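Here this note's numbering = 1-based position in the sequence shown + 999.
For glycine and all other residues, C-beta sits at the position ideal for the given N, C-alpha and C.
Every value quoted in this text rests on a predicted model; they were computed, and no experiment measured them.
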Amino acid sequence: MERYQLFIGGKFCDAVDGETRFTYNPATEEPIAEVPVGKKEDARRAIECARKAFDSGIWSNMSVRDRAKILYKVIERLKEKEQELATLEAMDAGATIRKTSMMDIPVGIEHFRLLVELAEKIPTYEPLPWIDFPYVSWNFVNREPIGVCAGIIPWNFPFMMTVWKVAPALVMGNTVVLKPASDTPLTALEFAKCAAEAGLPDGVLNVVIGSGSEVGEELCTNPMVDKVALTGSTETGRKVMKLCADTIKKVTLELGGKSPTIILEDADLDVAVDGALFGTFFHAGQVCESGTRCFVPSSIYDKFMEKMLERVKHIKVGDPLDYETTMGPVVSLAQYKTVTGYIELGKQEGARLLCGGKRPDGFEKGYFIEPTIFDNVSNQMRIAQEEIFGPVLAVIRYDDVDEAVRMANDSIYGLGGAVFSKDIPKAIEIAKRIRTGTVWINDYHLINALAPFGGYKQSGVGRELGPHGLLEYTQIKHIHVDLVMDRSKKFWYDYIFND
Ligand code: NAD
1000 MERYQLFIGG
1010 KFCDAVDGET
1020 RFTYNPATEE
1030 PIAEVPVGKK
1040 EDARRAIECA
1050 RKAFDSGIWS
1060 NMSVRDRAKI
1070 LYKVIERLKE
1080 KEQELATLEA
1090 MDAGATIRKT
1100 SMMDIPVGIE
1110 HFRLLVELAE
1120 KIPTYEPLPW
1130 IDFPYVSWNF
1140 VNREPIGVCA
1150 GIIPWNFPFM
1160 MTVWKVAPAL
1170 VMGNTVVLKP
1180 ASDTPLTALE
1190 FAKCAAEAGL
1200 PDGVLNVVIG
1210 SGSEVGEELC
1220 TNPMVDKVAL
1230 TGSTETGRKV
1240 MKLCADTIKK
1250 VTLELGGKSP
1260 TIILEDADLD
1270 VAVDGALFGT
1280 FFHAGQVCES
1290 GTRCFVPSSI
1300 YDKFMEKMLE
1310 RVKHIKVGDP
1320 LDYETTMGPV
1330 VSLAQYKTVT
1340 GYIELGKQEG
1350 ARLLCGGKRP
1360 DGFEKGYFIE
1370 PTIFDNVSNQ
1380 MRIAQEEIFG
1390 PVLAVIRYDD
1400 VDEAVRMAND
1410 SIYGLGGAVF
1420 SKDIPKAIEI
1430 AKRIRTGTVW
1440 INDYHLINAL
1450 APFGGYKQSG
1460 VGRELGPHGL
1470 LEYTQIKHIH
1480 VDLVMDRSKK
1490 FWYDYIFND
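Here you go:
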């Protein structure tokens, strides 16, 4: 069994007290690797290394083009290990190999490349309007890195989230301390190996595994950290924002969701039914932007639901390492208990269980849950308001589109959503009325690395990806150059002189 180490200051090392734990394959419940359990002191060491690397200018003073040259080497190294990473991700996170080998790893690497390429096009110099009265001056804005950035990530897309935190921060000239989720740290540590092999200068990237209360809180409170970027639950987001307040850190938060899928009467049924199922059951529903509330018009309700209950049978639950499997287990026993708890709650609240709701027959081990669909759901029920983060869909019937939009927006969250209709102008009108950061029309989940991703309301603060996401890793400085060198013309100096 492989034994992993923390990555601090360019070196692989154990936790300060030598403590280790196992990570488990959620499909078999068997241990797959031994990893260190980092402590506050490990986080402090990593922060010091990141600070020193940043302040030395070895990375921050390099041109974007030179940084990109090194990052392209990291990308090359990741590409060479693509299949190995896909298998590791499937074992660590319970994600299907079908998904990790077609999406998580290759698309994650592609996001890395696109973000680096995009950064090369972002000007660091922005001219300001010429001002020649009462003085002649040249004013411009210089875009600069923020400093030491902490990335704190969840367990659902460990590799992709590593890329989303590390790539934009590094290419814009920051140094990074990354804290993966304790349940799924392996591909982030493999990422660190690739960075070291590619020649990333020491201390520019550091990876510390450990709990939120130890490593996470140190990252949020240590004055040497300038920015914290968290992807996690809304509850953790609230804590992180409070912890960061004392040292006024910049924060970006990508948090939970309870996103709506609105089906219109004229939707193409094949696209809409499969789209709604894909929106919910992709990665067993453990996706922040999942479309877990599906609004279906009464006029097509029976036809739609009949088709949905037929199509859901084609989702094949099983061993994530089998290419035939399309849905794996949920990530851990804790998550299994949360999801099955919500299924019980849905029944108690009076929703009708149409399918699923239990461990599939023949599975004695592993945290497997059948694709579960409830209807007769009211938008006020807890299963329609709270993020379940598992394979559970709540179907809500509606009579009037305005009512559907009102219910879609009646949520503390605002991350994603979809509209299914053949009438594109109408779908765009509805998309504009949905108060979320992303709305897909006739599709779901397709993340574009060049488009901003993030949440309205309690789904987050700030954006990742695209130019907007890259700019979140910069700060702007106004530089004023006075072009008048004649003291007698600088009359404003005389505000303080009387001679
Ligand atoms: P989580 O909030 O429990 O943990 C996320 C990370 O925060 C982990 O690394 C954890 O150790 C750390 N953490 C926990 N407490 C902390 C604290 N007090 N201080 C600092 N760090 C702390 O989330 P999870 O269960 O790992 O992931 C699932 C959640 O993530 C869901 O709510 C999901 O919607 C959300 N998510 C959001 C996005 C997005 O882009 N908006 C993407 C993926 C997941």
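- For the pair of segments examined, the stretch 1219-1230 was found not to touch the stretch 1074-1089: the number of CB pairs separated by less than 8 Å stays below three.
- By alpha-carbon distance to residue 1475, the top candidate from 1042, 1066, 1125, 1004 is 1125.
- Looking only at 1370, 1406, 1388, the smallest Cα-Cα distance to residue 1376 is reached by 1406.
- Counting only runs that start and end inside the stretch 1323-1357, the beta strand (DSSP E) elements of at least 3 residues fall at 1351-1354.
- From the listed residues 1402, 1361, 1350, 1399, the smallest Cα separation to residue 1381 is found for 1350.
- Taking a C-beta distance under 8 Å as the contact criterion, residue 1353 and residue 1303 do not qualify as a contact pair.
- Only residues of its own chain outside the window of five on either side were considered, and among them 1404, 1408 have a CB closer than 8 Å to the CB of residue 1432, listed in chain order.
- Annotation for residue 1069: 1197, 1198, 1199 place their beta carbon closer than 7 Å to its own, counting only its chain and skipping 5 residues before and after.
- The stretch 1358-1368 makes no contact with the stretch 1260-1278: fewer than 3 CB pairs, one atom from each, lie closer than 8 Å.
- At least 8 Å separates the beta-carbon of residue 1253 from that of residue 1219.
- Counting along the chain, no alpha helix (DSSP H) covers residue 1319, and no H or E run does either.
- In the DSSP annotation of this structure, residue 1100 is not part of any alpha helix (DSSP H), being labelled neither H nor E.
- DSSP lists 1473 as the beta-bridge partner residues of residue 1144.
- Residue pairing by DSSP places residue 1481 opposite 1136 in a beta bridge.
- Listed in chain order, the non-local C-beta contacts of residue 1438 below 6 Å within the same chain comprise 1416, 1430, local neighbours out to five positions each way being set aside.
- The way I'd put it, the stretch 1158-1172 does touch the stretch 1099-1117; three or more beta-carbon pairs between them come closer than 8 Å.
- When the Cα atoms are used, residue 1029 and residue 1000 turn out to be separated by approximately 11 Å.
- A straight-line Cα-Cα distance of about 7 Å links residue 1399 and residue 1296.
- Scanning 1410, 1061, 1024, 1316 for the CA closest to the CA of residue 1087 turns up 1024.
- At a cut-off of 7 Å, the beta-carbon of residue 1211 counts as near the ligand NAD: some heavy atom of the ligand is closer than that.
- The three-state reading of DSSP puts residue 1126 in strand, counting E and B together.
- Following the DSSP letters along the chain, one finds residue 1429 inside the alpha helix (DSSP H) bounded by residues 1423-1432.
- Remark: the shortest separation between the CB of residue 1025 and any heavy atom of the ligand NAD does not fall under 7 Å.
- CA-to-CA, the gap between residue 1319 and residue 1329 works out to about 11 Å.
- Taking C-beta atoms as the reference points, residue 1463 and residue 1454 fail to come closer than 8 Å.
- Bridge pairing for residue 1374: 1351 [DSSP].
- In the three-state reduction of the DSSP assignment, residue 1397 falls in the strand class, which pools E and B.
- Burial state of residue 1137 is exposed, judged by a 10 Å Cβ sphere holding fewer than 16 other Cβ atoms.
- Among the bridge pairs identified by DSSP, residue 1463 is matched with 1452.
- The beta carbon of residue 1322 is closer than 7 Å to those of 1096, 1097 in its chain, skipping five residues each way along the sequence.
- In the DSSP assignment, residue 1063 falls within the alpha helix (DSSP H) that extends over 1063-1079.
- When C-beta atoms of the stretch 1179-1192 are compared with those of the stretch 1471-1486, fewer than three pairs fall below 8 Å, so the two segments do not count as touching.
- Beta-bridge annotation (DSSP): residue 1030 is paired with 1023.
- DSSP places residue 1035 in the strand class (E or B) of the three-state scheme.
- For residue 1293, the pairing in a beta bridge is given by DSSP as 1260, 1394.
- If you look at residue 1234, you'll find it in the alpha helix (DSSP H) that goes 1233-1244.
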